[in-house]
Amino acid sequence: MSRILTFAAVAALFAGLATTASAEAPEGFISLFDGKSLDGWEGKDFWSVKDGAITGQTTAEKPTKGNTFLLWKGELADFELRLKFRIVGGNSGIQYRSRHVGDYVISGYQADIDSGTKYIGILYEEKARGILALRGKKVVIDAEGGKQDVGTTGTDEEILGSIKKEDWNEYTIIAKGNHLVQQINGHTTVDVTDNQESKRAMKGLLALQLHAGPPMLVQFKDIYLKKLND
725 MSRILTFAAV AALFAGLATT ASAEAPEGFI SLFDGKSLDG WEGKDFWSVK
775 DGAITGQTTA EKPTKGNTFL LWKGELADFE LRLKFRIVGG NSGIQYRSRH
825 VGDYVISGYQ ADIDSGTKYI GILYEEKARG ILALRGKKVV IDAEGGKQDV
875 GTTGTDEEIL GSIKKEDWNE YTIIAKGNHL VQQINGHTTV DVTDNQESKR
925 AMKGLLALQL HAGPPMLVQF KDIYLKKLND
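Under this note's numbering, think of the first position of the sequence shown as 725, with each following residue one higher.
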């Protein structure tokens, strides 16, 4: 019971926070969210705009039976994406170069977001190859799908120490060719070279995840995209 009350109290706090409209896009970037509506996005009714942020929320009364996603109505190939997120409870993620398999379910690369410390920052492939790189790892995936750790991007202490729990953090994702880099608050969490041509994706969809399970809240704002080699 106390856990539910804690979630409710934090959710109420979020609802009471005044969030300013999205700032102007950095030079060379376009904004994918107007700060007011879900124009350009589509998903189930778990998603809305609250306090100037895209908000995904489940409750005990309204759970999602499976992971569900909010899809951006566009396609990504080589790009840099910057956004801010915050999460209370549960798990989420940013899908990129992914594909829609029906009913707002997505398969593909995921920059993981977690309210705990186990998964945040890793590279996961939803409904496909699973965990591709753990936090702090530089990984090369060979043509047969074997994963080799070839270095580190930083320590867990450095990366996790930069993350503000239940507050705003910045995610950056850079995908160029088969090279994928994810960063949180300026710390590189994974650096992956994907040489498995039969499984990798060089283009696809962008989507935001709302995970099945206990009640949770996730928010996104200041979503900016730069297409590389457009």
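Just so it is clear, CB atoms sit at the ideal spot from N, CA and C, and this is done for glycine as well.
Given the structure is predicted, the values throughout are model-derived calculations rather than measurements.
ask   = Can you give the Cα-Cα distance for TYR895 and ILE908, rounded to whole angstroms?
value = When only Cα atoms are considered, TYR895 and ILE908 end up about 5 Å apart.
request  = Name the two residues that bound the continuous beta strand (DSSP E) containing SER831.
outcome  = First-last of the beta strand (DSSP E) with SER831: 829 to 838.
task = Tell me whether ASP873 is buried or exposed, calling it buried when 16 or more other Cβ atoms sit within 10 Å of its Cβ.
result = Burial call: exposed.
message = Would ILE811 and SER822 qualify as a contact pair, given that the criterion is a beta-carbon distance under 8 Å?
response = It is not a contact, given that the beta carbons lie outside the stated cut-off.
message = Just to confirm the assignment, what range does the alpha helix (DSSP H) spanning ASP880 have?
response = Unbroken alpha helix (DSSP H) run through ASP880: 880 to 886.
request  = Starting from GLY826, follow the beta strand (DSSP E) in both directions and report where the run begins and ends.
outcome  = Segment 815 to 826, the beta strand (DSSP E) holding GLY826.
Between the CA atoms of GLY901 and LYS888 - distance to the nearest angstrom = Their backbone Cα atoms lie some 31 Å apart in a straight line.
request  = Can you tell me which of the three DSSP states PHE770 falls into?
outcome  = Judged by DSSP in its simplified three-state form, PHE770 adopts coil rather than helix or strand.
ask   = With DSSP run on the structure shown, which of helix, strand or coil describes TRP796?
value = Per DSSP, reduced to three states, the secondary structure at TRP796 is strand.
Buried or exposed (CB count within 10 angstroms, at least 16 for buried), SER761 = Counting the other Cβ atoms within 10 Å of the Cβ of SER761 gives fewer than 16, which makes it exposed.
message = Considering only the alpha carbon of each residue, which of PRO938, LEU929 and LEU856 lies closest to ASP802?
response = For ASP802, the closest C-alpha among the options PRO938, LEU929 and LEU856 is that of LEU929.
message = One question on the structure: do GLN933 and SER816 come within less than 8 Å of each other, judged by their Cβ atoms?
response = Closer than 8 Å, so yes.
ask   = What residues are listed by DSSP as bridge partners for TRP765?
value = Its beta-bridge partners are TRP796.
message = With DSSP as the reference, identify every bridge partner of ARG924, one or two as the case may be.
response = According to the DSSP secondary-structure assignment, ARG924 is paired through a beta bridge with no residue.
ask   = Which term fits ASP915, buried or exposed, when burial requires 16 or more other beta carbons within 10 angstroms of its beta carbon?
value = So ASP915 ends up on the buried side.
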